[in-house]
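In this text, residue positions in the sequence shown follow the working numbering: the first is 4, and each later residue adds one. One structure is given below, encoded as structure tokens.
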Amino acid sequence: MAASYDGTTSKIYINGILSTSSTAVSGPPTTNTDSLFIGADRSGSTPDFFFNGYIDEVRIANYVKTEAQIKEYLYQSITNDNEPSSGSINVTYNLDGSPQDNSDGGPRLYFRGDAKFSAPATVTNQPISPLNRTTGGFPEQYAVKTSDRAIPEIGLMIDDSLYIGSSTTISDVNLFVATNHTAEADLEITLISPAGTEVKVCSDKGLLGSADNIITVFDDEADSTLKSSAYTSFAPRIKADNSVNAAFAGANAQGWWRLKINDDAGGDSGRVYAWGVQINNAATLDVGSEPTAGVPGKFELQQNYPNPFNPSTMIRFSLARPEQVSLKVYDVLGREVQTLLNEKRAAGTYTVPFNASRLASGVYFYRLRAGNFIESKKMMLVK
């Protein structure tokens with residue numbers, strides 16, 4: 004999460020996406036020497052609201068970061084070497100490593116009460132983000148997609164897809180995966196190329212002790228080989244169960260890449276919250292939903308095709324100018340079923356696939372929000 008205040012408007016970002024903004028703010032805190040507290044005091048007779056969770060990194064800056072800067076540093080730490088604004092102040096604390104600022108010389112950070120450093124091998128369901136420490140151009144060189152795919156208690160999740168527009172012959176592929184599943188030893192993770200070739204990168208691998216959650220880059224050139232119950236995390240880089248390069252080498256990278264996860268045991272569920280690919284150890288360009296040529300003259304949401312459908316259909320929409328785009332599916336009771344898209348898109352016409360293999364037959368609605376443009380349409384799933 005990130006928060007900013009420019010003297011007039013306060014903004015809250017979740018996973019690099021603007022969530023809410025408000026002008027109902029009296030002003031920034033006055034200059035003082037008091038401490039900054041995250042959470043509140045629970046010692047009184049009536050406990051205050053307090054933070055309960057895990058923080059990998061705390062960042063404080065004396066300038067307003069843009070949404071692009073927030074997204075750029077979503078999966079990497081800020082240091083003196085890579086500051087987004089070298090003429091300003093960036094104070095950064097890596098709570099999975101040190102209470103000392105590793106950027107512009109802020110004061111030492113102190114823990115209070117029950118707060119502590121991560122100990123993922125001894126505490127159940129305590130995630131860590133080792134990608135904060137990784138190098139090699141991540142995530143700038145990756146096609147990274149934030150996601151919200153549910154991993155069911157038993158069985159396959161609905162495949163998540165990412166479009167690569169560059170027509171490139173593959174020699175090397177790296178896969179980034181971030182899940183919050185609490186029984187990673189039950190998961191089978193598979194990457195599927197545009198040609199339909201499948202590679203199972205991780206199958207039934209557990210972490211050491213009580214460690215949970217997979218946040219890693221699968222890389223054939225990594226120094227370590229994937230083992231079960233040998234690491235507190237698989238990251239920052241690990242060799243996959245099966246060679247990714249051997250499976251995809253010589254094929255064209257252009258088209259829809261898909262991530263598939265199977266949970267082969269009951270008792271736990273989770274979510275995929277980000278994943279991405281890197282082609283030939285270079286910057287991956289032209290990422291997102293598949294655009295067609297030309298700039299449309301208006302905003303438009305078209306009827307899905309086919310309709311009725313079973314189990315897949317395509318949703319097409321047009322943007323007359325660049326906008327933050329949200330495309331979501333709802334059931335007849337207005338409950339959100341799936342987020343298909345939630346990111347900035349350039350002007351153009353796009354086609355987004357929707358796979359409803361895990362849903363029951365019936366009527367569903369899909370809604371497009373692009374700036375001030377909002378439109379919904381009905382579709383029918385018949386099995």
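Where is the CB? At the ideal position from N, CA and C, for every residue including glycine. Computed from a predicted model, the values in this text were never measured in an experiment.
So if DSSP puts residue i in a beta bridge, which residue, or which two residues, is it bridged to?
i	result
F114	None; F114 has no bridge partner.
D107	Paired residue(s): none; D107 is not in a bridge.
A285	I282
E326	R348
L304	F320
Y16	A5, L21
N358	S315
Quick one, are the C-beta atoms of residue i and residue j less than 8 Å apart?
i	j	result
I241	S227	yes
I192	A256	no
Y369	S379	yes
A118	T235	no
W259	P197	yes
L194	V126	no
A233	D207	no
F312	L384	yes
N216	N177	no
F141	V204	no
L343	F357	yes
Give the DSSP-derived three-state secondary structure of residue i in the structure shown.
i	result
I92	coil
V247	helix
S292	Per-residue confidence for S292 stands at a pLDDT of 48, beneath the threshold of 50, marking its modelled position as unreliable; the derived number appears in the next sentence. Three-state result, S292: coil.
E156	coil
D207	coil
D267	coil
F368	strand
I63	strand
D189	helix
T11	coil
A349	coil
I1	Since the displayed the chain opens at 4 and closes at 386, residue 1 lies outside it and no answer follows.
I161	coil
R274	strand
V335	coil
A233	coil
E224	coil
V383	First, the amino acid is wrong: residue 383 is Met here, not Val. Three-state result, M383: strand.
L39	coil
L343	strand
L194	strand
I377	strand
V176	strand
D215	coil
I81	coil
Taking C-alpha atoms, which residue in the options lies nearest to residue i?
i	options	result
P239	V328, D175, L322, A225	A225
G116	I41, S88, L384, E143	I41
V180	I63, A277, R62, K381	A277
T69	E60, L21, A27	L21
N375	F302, A188, I195, Y113	F302
K263	Q144, I377, L190	L190
T185	I167, E156, G168	E156
G168	S315, V280, Q327	V280
V355	L336, A214, A323, P309	P309
S170	A254, N265, I377	A254
D163	K347, I318, V275	V275
P102	E60, S89, N83	E60
R152	G273, Q144, D175	G273
V366	N35, N307, F114	N307
K74	S231, D84, A6	A6
S106	F114, Y78, E143, I63	I63
E143	A323, F114, L77	L77
R348	Y333, A373, D334	A373
S89	Q327, D334, Q72	Q72
V332	G351, L362, Y353	L362
K148	T11, V67, E346	E346
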